[in-house]
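Remarks on the structure that follows.
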Amino acid sequence: MAYSQNYCGVNTENQGLFVYNGDANRPNPSYGATTLSSNLSGYYTVGNILVNNSTSSGYWFHTSANVGQPGYLATYNGNNKISVKDATVFRLQNVTGSYSASNALTYRITLSNTSPGFVINQFTIGSLMTVFNNDSPDLNFWVMAYLYSSTGSQLAQLTAGDYINAQLKYVSTTSNYVLRPGNTYEIRFAVANVNNKTDAFIDNPGMYAVPVPVTTSNSYVICNTTTSVSALNSLLKSPVSITTPQASTVRWFNGSTYVTGNLSPNTTYTPYYYNNATGCYYPAGDAVSVSMGGVPVVSTQPANISICDPGNASFSASFSNNPVSYQWQVSTDNGANYNNINNGGVYSNTQSANLIITGATVAMNNFRYRVIATNSCGNATSNAGVLTVSSNPVITNQPSNVNICEGLNTSFSVTATNANSYQWQVSTNGGSSYNNISNGSLYSNVTTSNLNITGVNVTMDTYRYRVQVTGTCGTSFSNGAVLNVTKKPSVQSNAVNQSVCSGQSTSFAASITNATSYQWHVSTDGGSNYVNISNNSIYSGATTNTLTLTAVPASYNGYYYKLIAGNTCGTVETSARLIVNGSTKITTQPNPSSEQLNVNQSPSSISVVATGATSYQWYKNNVNSTVGGVAIAGATSSSYTPVTSSVPTTDYYYVVVSGLCNNETSMVASKTYVDGVCVKPGNNIDSPLASSLGILTKSNISVEDWPAVVPNGYIVLDSANKGLVITQMTTSQILQLVPVKGMLVYDLDAKCVKLYRGEGANAPSVDPSRSGWVCIKKGCNN
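Per my numbering, the very first residue in the sequence shown carries number 1; after that it's consecutive.
Right under this line is the structure:
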């Protein structure tokens, strides 16, 4: 349609937006901008008018102005102040020639966010003057209006250029540009003078506009070709109600064609505000491009997000086919159910393509988020993005102290949540510092939750172990656990055999390190079997390292004693034998107890039998006594063979037998040595020889064949009560005798029985050296 042919004009000041009005005969006289339509006053604000877009380069005059105030005219063309009645006048300089948007009156208008749109349809000018001395207009001016943004960009030319040929002139616009809510605009009013005047004084400028709907979007998507054109009304922001002009209908045009049916894709539609009373139109907003669309299709799905507690996250999705609304949903049960999310708490932007979560906590871990995108054709639901909220690793079970024996294996373990890796550490200084552990012969699994230690040695006692647990969101350290290493018991000195006399006391002792318990045992069967010992009248210290025996019975001889000592890491043992010694006793006295020998004849050995003997010492005495004897060197066994004597004498011998518990002295044995004893040896054949000579003093023979029945005798003297008397003589007397071989006498001087053996021609053939008178001695003679 031809907009200029159907334009709805406004020519009444009460229906306009504002006027810069200082005349007393105007409504609401003011030296600032005056709102003319009270029902629109809440939707816009207007600043003071500017000259050349700057408050410092223009003049604003009014009659009540004082020196230094806006409106006070200090000088003009060299003249003094001119008195002007009821004037609000603005001066433009250098208006000769052509229009200049940079040398213009500038109105600034700001629409609120709740304002309708406005279409400027008219401007008003009280008058244009070249001389500021009255209200008489100079009708030789042209005016042009421009629309600028608040940043100085030209948006539209509002008028075609109008010649001012009357006072209170109304200038209509030729543009349908809509001023939109929430924006600030500048309307620049330029003046040109055809008579080459350099200045223009403008009295009471004003602006008129119509409130209209505005389109909230310049595009619209249809899902089918049966969508009514009235569907586009949803894009219009409704105007406020004003008295006139009355707006009753919004009409959509495709070019100049009024459309009443259905929308066509790839077509542009322009809204107009139709006044049913006057039949004129106001533009209602920007053109809307209609396209064919479809149900939203997900282009980009929400991604899974991992954050730390507390943390921020953002889920986003993109869709084709231009969704017009979004609704995010959350599932707290692993996707079984979803609920809409509203803004508030940790959530914002819940109705946009990008959901923002601020301060998510671990309680929201594994929450799932999806978005429903909707347009006029339907909706589509995205996949769910999973929110993983991790916290710092938390150690739920600390490692425990370990008590262990040296040489054994052990381990330390920890339980932690939110852990990705482990590193065990050891402190050798009581926890003052820790160092990482590496796998080796001693340690294994050093980067797991369970540290293994193989072959603990005693140098590791009181070592402390902790683990560094690392997760996505940080690192935590466990407590330090102490390794207490106990040494195995060790025998430093063994128990030794003990020898004791019956009735005496003794003890067995051993030195064992690292032992915490002791128990002595006894074996009565040579060590084959042992039984525990309890303290009693004989035993004490049965559970210590020293066992004491008091008044040991002889029956304990040969007992074995064993100590078993240990601690929690094991036991060791040591054993020893007890020897109980009895008293020393001579059971067989010296044998033979006496012996007579010829001088120089070798004596027989003397021997004793004793029990409990450990040593012997023989003594020789010259009297029959065990006191005062002289120890015989080398005579230290149970028998002794005396040295023979070359002279007649009697020697006395005894022995002292020593034992562990006592000494005992034997009885005396004697050896008697005589000179000249000669005897015929007895018969040593099996059949005895009969005796052939006998002297009998009995009344009769007691047996027949006497003396033959008395075997082995040459001369048999047999008497019940008689003895043989030999002549006793001194040696000199004997030598006076006329001897006969075989004569016997007793030599008082030699103290022996002497035998005359013959001499000279009658000397004996056996042992001829012993001829004449000789003492009879024991020997082998005839």
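From the three backbone atoms N, C-alpha and C, an ideal C-beta is built for every residue, glycine too.
Please say whether residue j and residue i have beta carbons closer to each other than 7 Å?
{"i": "Thr524", "j": "Gln596", "result": "no"}
{"i": "Thr215", "j": "Asp286", "result": "yes"}
{"i": "Thr486", "j": "Ile453", "result": "no"}
{"i": "Arg368", "j": "Ser382", "result": "no"}
{"i": "Val210", "j": "Asn121", "result": "yes"}
{"i": "Leu563", "j": "Ala635", "result": "no"}
{"i": "Ser413", "j": "Asn436", "result": "no"}
{"i": "Leu263", "j": "Thr227", "result": "yes"}
{"i": "Val609", "j": "Thr641", "result": "no"}
{"i": "Gln398", "j": "Ser478", "result": "yes"}
{"i": "Ser376", "j": "Cys280", "result": "no"}
{"i": "Arg464", "j": "Gly440", "result": "no"}
{"i": "Asn218", "j": "Val288", "result": "yes"}
{"i": "Asn581", "j": "Ala481", "result": "no"}
{"i": "Tyr269", "j": "Asn254", "result": "yes"}
Would you report the Cα separation of residue i and residue j, rounded to the nearest angstrom?
{"i": "Ala510", "j": "Val456", "result": "28 Å"}
{"i": "Val84", "j": "Leu128", "result": "Low confidence applies here, because Val84 scores a pLDDT of 39, under 50, leaving its location unreliable and the question unanswered by this model."}
{"i": "Ala177", "j": "Asn340", "result": "At residue 177 the sequence reads Tyr, which differs from the Ala that was named. One C-alpha to the other measures close to 41 Å."}
{"i": "Ile785", "j": "Val212", "result": "It is not possible to answer for residue 785, since the shown part of the chain is limited to 1 through 782."}
{"i": "Arg770", "j": "Lys620", "result": "33 Å"}
{"i": "Gly628", "j": "Pro603", "result": "23 Å"}
{"i": "Ser583", "j": "Leu755", "result": "54 Å"}
{"i": "Ser291", "j": "Met144", "result": "38 Å"}
{"i": "Ala750", "j": "Gln728", "result": "11 Å"}
{"i": "Val774", "j": "Thr650", "result": "21 Å"}
{"i": "Thr114", "j": "Pro393", "result": "52 Å"}
{"i": "Pro29", "j": "Ser102", "result": "Here Pro29 scores only 47 on pLDDT, less than 50, and its place in the model should not be relied on; the value that follows carries that caveat. Answer to the nearest angstrom: the Cα atoms are 29 Å apart."}
{"i": "Tyr59", "j": "Gly261", "result": "The predicted position of Tyr59 is uncertain, since its pLDDT is 37 and thus under 50; no value can be drawn from it."}
Determine the closest residue to residue i out of the options, with distance taken between C-alpha atoms.
{"i": "Val655", "options": "Pro271, Ser639, Pro648 and Ser646", "result": "Ser639"}
{"i": "Tyr146", "options": "Gly152, Gln157, Asn140 and Ser153", "result": "Gln157"}
{"i": "Gln736", "options": "Gly430, Pro764 and Gly772", "result": "Gly772"}
{"i": "Arg108", "options": "Pro116, Ala101 and Tyr148", "result": "Tyr148"}
{"i": "Gln601", "options": "Ala669, Pro592, Lys777 and Pro768", "result": "Lys777"}
{"i": "Ala565", "options": "Thr417, Tyr434 and Val491", "result": "Val491"}
{"i": "Leu105", "options": "Thr649, Asn366 and Phe123", "result": "Phe123"}
{"i": "Asn294", "options": "Ser228, Ser172 and Gly378", "result": "Reading off the sequence shown, one finds Gly at residue 294, where the question assumed Asn. Out of Ser228, Ser172 and Gly378, Gly378 has the C-alpha closest to the C-alpha of Gly294."}
{"i": "Thr665", "options": "Ala633, Thr626 and Thr641", "result": "Thr626"}
{"i": "Gly526", "options": "Asn532, Tyr556, Cys501 and Tyr518", "result": "Tyr556"}
{"i": "Gln733", "options": "Lys722, Asn403, Val740 and Leu748", "result": "Leu748"}
{"i": "Gly742", "options": "Pro764, Gly723 and Val522", "result": "Pro764"}
{"i": "Ser256", "options": "Tyr272, Pro265, Thr249 and Ile726", "result": "Tyr272"}
{"i": "Val531", "options": "Tyr559, Ser433 and Val552", "result": "Tyr559"}
{"i": "Val221", "options": "Glu759, Pro296, Thr644 and Phe253", "result": "Pro296"}
{"i": "Gly500", "options": "Tyr518, Thr447, Thr544 and Ile579", "result": "Just to set this straight, residue 500 is Val in the shown sequence, not Gly. When only C-alpha atoms are compared, the closest one is Ile579."}
{"i": "Gly344", "options": "Tyr269, Thr358, Ala576 and Val738", "result": "Thr358"}
{"i": "Asp309", "options": "Ala353, Asn334 and Asn366", "result": "Asn366"}
{"i": "Thr278", "options": "Ile164, Asn342, Thr249 and Asn304", "result": "Thr249"}
{"i": "Ser646", "options": "Ser320, Val552 and Asp675", "result": "Asp675"}
{"i": "Tyr338", "options": "Thr159, Ser316, Ala384 and Thr462", "result": "Ala384"}
{"i": "Ile632", "options": "Tyr653, Thr644 and Pro648", "result": "Tyr653"}
{"i": "Ala313", "options": "Asn304, Asn342 and Ile356", "result": "Ile356"}
{"i": "Asn529", "options": "Ile512, Thr544 and Ser575", "result": "Ser575"}
{"i": "Cys473", "options": "Lys585, Ser306 and Cys569", "result": "Ser306"}
{"i": "Thr462", "options": "Val738, Asn193, Leu483 and Asn233", "result": "Leu483"}
Strictly by DSSP, which residues pair up with residue i?
{"i": "Ile792", "result": "With the chain covering only 1 through 782, there is no way to say anything about residue 792."}
{"i": "Ala669", "result": "Tyr653"}
{"i": "Lys562", "result": "His521 and Ser575"}
{"i": "Ile222", "result": "Met292"}
{"i": "Trp706", "result": "Trp706 is not bridged to any residue."}
{"i": "Met783", "result": "Nothing in the structure corresponds to residue 783, since the chain is present only between 1 and 782."}
{"i": "Pro211", "result": "Phe118"}
{"i": "Met729", "result": "Asp747"}
{"i": "Asn591", "result": "Ser607"}
{"i": "Gln596", "result": "Thr672"}
{"i": "Leu355", "result": "Phe315"}
Item checked: Three-pair Cβ contact test at 8 Å for the segment 352–363 versus the segment 387–399 -> yes
Item checked: Segment contact, 8 Å Cβ cut-off, at least three pairs: the segment 528–548 with the segment 614–626 -> no
Checklist line | contact_flag[the segment 423–441, the segment 501–509] where n(CB pairs < 8 Å) is 3 or more | finding: no
Item checked: Segment contact flag, the segment 465–475 with the segment 543–562, C-beta cutoff 8 Å, min 3 pairs -> no
Notebook entry, point to check: Touching or not, the segment 346–360 and the segment 392–406, by the rule of three or more beta carbon pairs under 8 Å?
Noted result: no
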